[in-house]
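**Student:**
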Amino acid sequence: MDFVSGLPVTPIKKDSIWVIVDRLTKSAHFVPVRIDYLLQRLARLYVAEIVRLHAVPVSIISDRDLHFTSQFWKKLHEALGTRLNFSTAFHPQTDGQSERVIQVLEDMLRGCVIEFRGSWKDYLPLAEFAYNNSYQTSIGMARYEALYGRRCRTPTCWTELGERRVLGPELVAGTEDKVKLIWDRLTEASDRQKSYADLKRREI
1 MDFVSGLPVT PIKKDSIWVI VDRLTKSAHF VPVRIDYLLQ RLARLYVAEI
51 VRLHAVPVSI ISDRDLHFTS QFWKKLHEAL GTRLNFSTAF HPQTDGQSER
101 VIQVLEDMLR GCVIEFRGSW KDYLPLAEFA YNNSYQTSIG MARYEALYGR
151 RCRTPTCWTE LGERRVLGPE LVAGTEDKVK LIWDRLTEAS DRQKSYADLK
201 RREI
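When we follow full-length UniProt numbering, the leftmost residue of the sequence shown carries the number 1, and every step to the right adds one.
1) Can you have a look at Ser190 and say buried or exposed, based on whether 16 or more other CB atoms are within 10 angstroms of its CB?
2) Comparing alpha-carbon positions, which option in Met1, Tyr37, Asp15, Gly6 lies nearest Lys121?
3) For Glu160, which of helix, strand or coil comes out of DSSP?
4) From the DSSP secondary-structure annotation, give me the bridge partner or partners of Val31.
5) Per DSSP, Phe3 forms a beta bridge with which residues?
6) Which value, in whole angstroms, describes the spacing of the CA atoms of Asp184 and Ala79?
7) Applying the 10 Å Cβ sphere with the 16-neighbour rule, what's the burial state of Ile17?
8) Taking Cβ to Cβ, would you say Leu186 is nearer than 8 Å to Tyr123?
9) Considering only their Cβ atoms, is the gap separating Pro57 from Thr82 smaller than 8 Å?
10) Ordered along the chain, which non-local residues of its own chain (more than five positions away) have a Cβ less than 8 Å from that of Ala146?
11) If you check the beta carbons only, do Ile102 and Asp2 fall under 8 Å apart?
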């Protein structure tokens, strides 16, 4: 888990995103927060957004952010039975999944804000949906499918290119445009990461 901070403040005073990635299924949750939230509030959010949906994890990897190294956070997870592991300056790759997800998330949100205007928070649910429903090479399926054991049911227009197929309410039509853009940004970001990884392998 990690934070994306320094974002423009939303109308409801959020300025950061708490990124939480499941190491097994590679699925992610993007939780809008404020960087000055007290740990007690983060703990309540954690229970509401993560434990409620997925139960208590066996272990968590995070960087050494003050939020995660505090006695309160350690005692909370000790009580829950969760082991806390921290990435280090010498081995930052231990939390590399979060870093890669953050790069992709920033690309998706940037594309939406440039194209459709508005606040980044407006697009966060669609970005999470698109990310979790995209194919993950390392597990050979979409993250959603790995998590729930079945393919995600979506309007075909959200995954098919070409002419618009939804002729319904404005909300649905507008959502289609946004999801299509997010899919494009997600694909571009994934292609860049793959090219970089291939280059590093050739150098080695």
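Positions of the beta carbon are idealized from the N, C-alpha and C atoms, including for glycine.
**Tutor:** Looking at the coordinates:
1) buried
2) Asp15
3) Confidence in Glu160 is poor, its pLDDT being 48 and thus under 50, which makes the residue's placement unreliable; the coordinate value appears in the next sentence. For Glu160, the secondary structure class from DSSP, reduced to helix, strand or coil, is coil.
4) Trp18
5) Trp18
6) Each residue's Cα considered, the two are about 42 Å apart.
7) buried
8) Taking C-beta atoms as the reference points, Leu186 and Tyr123 fail to come closer than 8 Å.
9) yes
10) Leu24, Thr25, Lys26, Ser27, Gln136, Ile139
11) yes
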